[in-house]
Structure formats: C-alpha cells, structure tokens
Amino acid sequence: MLVVITFIVWFYSGKTFGLTDIEGVEAGTHIRLSENIQLDSYADKISFIAEPIKQNTTIDVLLINDENPLPRGYLPVDLINLYEQRNRHFQLAKSDISICRVVFEAMDSMFCVAQIDGVDGFIITSGYRTFEEQSELYFTRADGTAARPGTSEHETGLAFDVTAMGDANFALTPQFEWLSQNCGEYGFILRYLDGAEGITGTPYEPWHYRYVGLPYSKTIMDDGITLEEYLSR
Ligand SMILES: [Zn+2]
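Numbering (my numbering), first residue to last: 593 to 825.
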C-alpha cells in the first residue's frame, strides 16, 4: 500500500521516476534501447540510452522487453478506439480498448477469416496501455505478472490480449488452436511461447498476440521461435 501511495505521489508531482526523455525521437521512429536501471527502489534514477535499431526493420518489429524498454513519453501513432469500429469481427471485454490502426485492420481480417472457418467468440480484453496504466498494473497486480512500466508491449499499441467466451483457460479452447495456427498469416505472433521464459523474460501467455507484420510473423510462427531469436539471427 505504501508503495502504491508513494508511486501516486511521485507520479502526480511530475517526478515520474527520473526517467530521461529521449530528445528527437518521434513516435513511430525505429529505435532500439539499452538501459541502465536500478530497480532496488523506484526513487533511484532510471536512465535510458537510445540507439538506432541496427537491423533494417520496420517499427512493427520493435523489440520491447525487460532489456529493451520504451523511452518515457513514447506515444504510438494512429491509435484508434476498438469500440468505435462498428463492423468488427470480434468482441470486446470493455469499451475503452485502443490499438494502432494497422493492428486493428490486421486483427479484424484475421478474426473475419476465423468466423468463416467456424471459429467465433474471440473477446479482446486488453490493447494499448499508457505508461501510467502499466505502472498502476505493475504496482497493484498481486500475482506479480505485470511487466515493469516501460517494458510492456501493450505500451506500443501493437499487442492485444484475447480470451474466448466462457472459458477460463484460453490455451485449451478451439479459439486458441485456430489463432496459434493462423496468426502468422495475418502479421501476428504468439509472443510469449511455452518454455521460452529464459529468452523472453516472460512466462507462457497463450492470450497475448503481437503485431510484427508480414513476412516476419509468418517466419517467426513457422519456425516456432521468439521475437528475440528472430532479431538476433
Ligand atoms: Zn498482453
């Protein structure tokens, strides 16, 4: 509780952990970040050093993980509210979920084909999160599964979480089976593979899909590898 209160005081006093804003980095710019973070206390200074992404990739294959955080103030381009997209082929757990337009278009095509294949009932539970929203999750989620603020793919607007109607274990549903087999065709990857925590830093998440675009998604899913492994090839 004390931590939460302290965080709120810091945040609203504008101190925001002493994160260094990255000058001259526009939203949507190709960036790769290295960091030097003292996590013992959030009162300690956290500094990010930005360097250009080495590989010739698009923003969609931006690598975000514990070692590659986003710069403070990173704002994705072209975010749209999913509830306002009237003819979509999936459902929403709430009305305030946003995502990048390119991601929406890809996911809607994907879920449209799933419907044609007879697999329906996908429910999107999460999309874009602000740094502040991720911070709140990080400090309040009791099971410790929330990523550190600045290191969640949800802060890029390129990832969504999904579930299926009436089923607590998404990994056992026909929806998961269809999605994990077909998402690569539509620009998406199952980001946190079973047994790959040592590489991604994140336990298996059958519900979390990340847009990386074609042809990267197809290669990654066909080869059954993580984004980290693909980018280090
Ligand atoms: Zn997620």
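Heads up, the beta-carbon is just placed ideally off N, CA and C, and yes, glycines get one too.
**Study point:** Rounded Cβ spacing between G779 and A698 (contact assumed at less than 8 Å)
**Key:** 4 Å
Exercise for review: Measure the Cβ-Cβ separation of L782 and Y801 and say whether it is below 8 Å.
Suggested key: yes
Exercise for review: Compute every distance between the C-beta of S718 and the non-hydrogen atoms of ligand 1, then say whether any falls below 7 Å.
Suggested key: yes
Review point. Whose beta carbon lies closer than 5 Å to any heavy atom of ligand 1, going through the chain in order?
Key: D753 and H800
Check your understanding: Where does the unbroken beta strand (DSSP E) through N673 begin, and where does it stop?
Key -> L671 to N673
Check your understanding: For C537, which residues from the same chain have a beta carbon less than 8 Å from its beta carbon, with the 5 sequence-adjacent residues on both sides left out?
Key -> Residue 537 cannot be examined here, being either before or after the span of the chain that is shown, 593 to 825.
Exercise for review: Determine which residues share a DSSP beta bridge with N660 and list them.
Suggested key: N657
Review point. Taking only runs of the beta strand (DSSP E) that begin and end inside the stretch 774 to 801, which ones reach a length of at least 3 residues, in chain order?
Key: 780 to 782
**Study point:** Nearest to T717 (by Cα), restricted to the options P663, A751, A788 and D815
**Key:** A751
**Study point:** Local conformation of T811 per DSSP, three classes
**Key:** helix
Point to revise | Opposing strand residues paired with D753 [DSSP bridges] | key: S718 and H800
Check your understanding: For the alpha helix (DSSP H) that I817 lies in, which residues bound it at each end?
Key -> Here I817 belongs to no alpha helix (DSSP H), and DSSP marks it neither H nor E.
Check your understanding: According to DSSP, is Q707 helix, strand or coil?
Key -> helix
Exercise for review: Using a threshold of 8 Å, state whether the C-beta atoms of F723 and P741 are closer than that.
Suggested key: yes
**Study point:** DSSP-derived helix/strand/coil call for L684
**Key:** strand
Check your understanding: Apart from the five residues on each side of it in sequence, which residues of its chain come closer than 6 Å, Cβ to Cβ, to L823?
Key -> L655
Check your understanding: Are the Cβ atoms of I691 and L674 separated by less than 8 Å?
Key -> yes
**Study point:** Span of the beta strand (DSSP E), counted from its first residue to its last, around G690
**Key:** One point to set straight first is that residue 690 is Ser, not Gly, in the sequence displayed. From DSSP, the beta strand (DSSP E) with S690 extends over S690 to C692.
Point to revise | Length of the line joining the Cα atoms of G719 and A763 | key: 19 Å
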